[in-house]
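Since the structure comes first, as structure tokens, the remarks are kept for the end.
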Amino acid sequence: MLAQLRRPPGGRDARIMLLAQLLDRAGTGVWAAACVLYFTFVVGLDAGQVGILLGASGVAGIAGSPLAGHLADRFPVRSLLIGAHLLRLVTLCLLLVVTDFALLLPVVAVTHLGDRAAKTLEMLFATRVAGERRATYQALSRSSANAGYALGAGLAAIGLAVGTRGAYHVLILADALSFLVAAALVWRTREPRGRGLVAAPAAPAAPAADAADGAATDGPAAPAGGPGPWRDRGYLRFVLLDIPMNLDDSILGIGIPLWLVSHTTAPHELIPAFLVVNTVLVVVLQLRVSAKVRGPRQAAGAVALYGLTTLLCCVLLAASTGGGVWTASATLLAAAVLATAAELMRSVSSWELAVSLAPREARASYLGVAGMAQSVQKSAGPLLLTGVVMAAGPAGWLALGTAVAGLSLVQRRASLRRLESLAASPAPNAAPAPASA
249 MLAQLRRPPG GRDARIMLLA QLLDRAGTGV WAAACVLYFT FVVGLDAGQV
299 GILLGASGVA GIAGSPLAGH LADRFPVRSL LIGAHLLRLV TLCLLLVVTD
349 FALLLPVVAV THLGDRAAKT LEMLFATRVA GERRATYQAL SRSSANAGYA
399 LGAGLAAIGL AVGTRGAYHV LILADALSFL VAAALVWRTR EPRGRGLVAA
449 PAAPAAPAAD AADGAATDGP AAPAGGPGPW RDRGYLRFVL LDIPMNLDDS
499 ILGIGIPLWL VSHTTAPHEL IPAFLVVNTV LVVVLQLRVS AKVRGPRQAA
549 GAVALYGLTT LLCCVLLAAS TGGGVWTASA TLLAAAVLAT AAELMRSVSS
599 WELAVSLAPR EARASYLGVA GMAQSVQKSA GPLLLTGVVM AAGPAGWLAL
649 GTAVAGLSLV QRRASLRRLE SLAASPAPNA APAPASA
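FYI, in the numbering used here the residues of the sequence shown are 249 to 685.
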């Protein structure tokens, strides 16, 4: 992994972007660890107001990905990403002076919108400079991001131990500073070639052929100038099915800790170990897992593995209510390992399929829509787990695991069919064959 970090796909610009992501995620880790306590003990919001604030910000964040993809078809990705970092810088600094709940709502919402837009723009930038080696870059990106989150959480622990208003303000400024440094690093990169493309064409494209009729079918939509992703039923089906393929995030961060507290005899001190297990395994294994998945067909196979791994994780969670402290602890740790394994599968399948299933000439806008899956899951996933799954007890986990496993098979089959359709369709920019002499 260290060798790949020194020479990542995309060269110099990729190295700079990975460093920018590391610092960005470190700042985000600081704020993620401190925000609930800050709003509660410094601003003075009650639990209901904090829930509304974070829920509204999550909903606002859903718009960040498609907005970024739409703009990336029209403006330079590099400039948009710098703008997203600076937008978050401004809104974070506003938190130092804004304490009224009505004003905090738009401030935090815009922060999350900029956060989701920045993540989509980072991947658009990366896939353009990394080209066909985008899976390797994705692995490096996730490893550096997880390292950044862990670093940020560690720094936040120092401020939280102090616990004063000034300490919380320092944490906010640290997050804002990370955005400023990230923007400066992105400014040092070069704009990737190709507008709306994942990899720039090797030669100038010939004039596009007339778009086929029926863009609002299950096949690929017309490229730039055509209807786009919102009328492409096949791609929207992929995005819809990709939402439950992101549930590992809520299972690990919310489901397992709350299940431990409310339904098992495992000690509460075990909860931080779940994050440690996840961070270490992702940093160590992400690149190796990505190396096993080359191309969209193998990515579709990884979706099925995601469903199976999630099902096994849910089975362990359902079984963790029986036995003593040691049995429950070991079962929950094994469930955390399986949730991390599901994350590794998702990381090599979701983005690869999002890229491969989109028409080449309109991939920026398509990938922006695909990014909504993760945002929707972050908003709806916690409600699903707390309001439905855990309320039903062990049977709820079994039902969830079975549903995700079944949907993963549907996603795999639909993805393979769309790949076959794309392979059978003529390239939209292909030049006509020369007439024979």
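Every residue gets a Cβ at the ideal spot worked out from N, C-alpha and C, and that includes glycine.
Between residue i and residue j, is the Cβ-Cβ spacing less than 7 angstroms?
i, j, result
"Gly411", "Ala612", "no"
"His360", "Phe427", "no"
"Tyr397", "Arg481", "no"
"Leu369", "Leu315", "no"
"Leu559", "Ala409", "no"
"Gln708", "Val551", "As displayed, the chain neither begins before 249 nor continues past 685, which places residue 708 out of reach and without an answer."
"Ser498", "Leu633", "yes"
"Ser391", "Gly555", "no"
"Ser595", "Pro544", "no"
"Ile420", "Leu340", "yes"
"Ile401", "Ala281", "Residue 401 is actually Ala in this sequence, not Ile. Yes; because the gap between Cβ atoms is below 7 angstroms, this pair is in contact."
"Thr588", "Asn526", "yes"
"Glu439", "Arg254", "no"
"Ser506", "Ala547", "Ser is not the amino acid found at residue 506; the sequence shown has Leu there. No, they are not a contact pair."
"Val377", "Ala304", "no"
"Ser623", "Arg364", "yes"
"Glu609", "Asp496", "no"
"Ala415", "Leu372", "no"
"Tyr483", "Pro477", "yes"
"Ala395", "Val532", "no"
"Asp490", "Ser598", "yes"
Within its chain, find whatever has a CB closer than 7 angstroms to the CB of residue i; leave out the 5 residues flanking it on each side and keep chain order.
i, result
"Val346", "Leu352, Val355"
"Val487", "Val617, Ala618, Met620, Ala621"
"Ala311", "Leu361"
"Pro630", "Ser498, Ile502"
"Ala424", "Leu337, Leu340, Cys341"
"Pro455", "Only weak support is given to the placement of Pro455: the predicted model assigns it a pLDDT of 38, under 50, and the value that follows is read from those uncertain coordinates. The answer is none, since no qualifying residue turns up."
"Ala422", "Gly275, Val278, Leu403"
"Gly644", "Val636, Val637, Met638"
"Leu267", "Leu433"
"Ala584", "Leu500, Ile504, Phe522, Val525, Asn526"
For residue i, which residues from the same chain have a beta carbon less than 8 angstroms from its beta carbon, with the 5 sequence-adjacent residues on both sides left out?
i, result
"Ala450", "Because the pLDDT at Ala450 is just 39, under 50, the model does not fix this residue reliably, and the point stays unresolved."
"Ala671", "none"
"Met593", "Val537, Ala550, Val551, Leu553, Tyr554, Thr557"
"His417", "Leu344"
"Val563", "Trp645, Leu646, Gly649"
"Leu586", "Thr557, Thr558, Leu560, Cys561, Leu564"
"Gln269", "Glu370, Ser389, Ser392, Ala393, Gly396, Ala430"
"Ser684", "Because the pLDDT at Ser684 is just 40, under 50, the model does not fix this residue reliably, and the value given afterwards should be weighed accordingly. Cβ within range, chain order: n/a, list empty."
"Leu301", "Phe287, Leu293, Phe349, Leu352, Leu353, Val356"
"Ala374", "Gly258, Ala262, Met265, Arg382, Tyr385, Gln386, Ser389"
Output the boundary residues of the alpha helix (DSSP H) element that contains residue i.
i, result
"Gly501", "Careful: Gly501 lies outside any alpha helix (DSSP H) and carries neither H nor E."
"Ile491", "Counting along the chain, Ile491 falls outside any alpha helix (DSSP H), and DSSP gives it neither H nor E."
"Asp363", "349-378"
"Phe289", "That residue, Phe289, is in no alpha helix (DSSP H); it is neither H nor E in DSSP."
"Glu439", "Looking at the DSSP string, Glu439 is not in any alpha helix (DSSP H), and its letter there is neither H nor E."
"Glu600", "573-604"
"Trp645", "642-672"
"Val410", "382-410"
"His516", "Element bounds for His516: n/a, residue is neither H nor E."
"Arg336", "325-342"
"Pro632", "Looking at the sequence shown, residue 632 is not Pro but Leu. Counting along the chain, the alpha helix (DSSP H) containing Leu632 begins and ends at 620-632."
"Thr557", "544-567"
"Pro607", "Taken as a continuous stretch (DSSP letters only), Pro607 belongs to no alpha helix (DSSP H), as it is neither H nor E."
"Arg303", "What sits at residue 303 in the sequence shown is Gly, not Arg. Element bounds for Gly303: 295-310."
Could you pull out every residue in the same chain whose Cβ sits closer than 6 angstroms to the Cβ of residue i, ignoring the five residues on either side in sequence?
i, result
"Gly473", "Confidence in Gly473 is poor, its pLDDT being 45 and thus under 50, which makes the residue's placement unreliable; the coordinate value appears in the next sentence. Contacts found: none."
"Gly503", "Leu633"
"Ala308", "Ala357, His360, Leu361"
"Ser627", "Gly306, Val307"
"Leu529", "Thr588"
"Val291", "Thr347"
"Ile264", "Leu433, Arg436, Thr437"
"Ala582", "Leu564"
"Leu667", "Pro544"
Three or more C-beta pairs closer than 8 angstroms, one from the region 419-434 and one from the region 562-571: is that the case here?
no
Are the region 502-517 and the region 569-588 in contact at 8 angstroms, needing three or more beta carbon pairs?
yes
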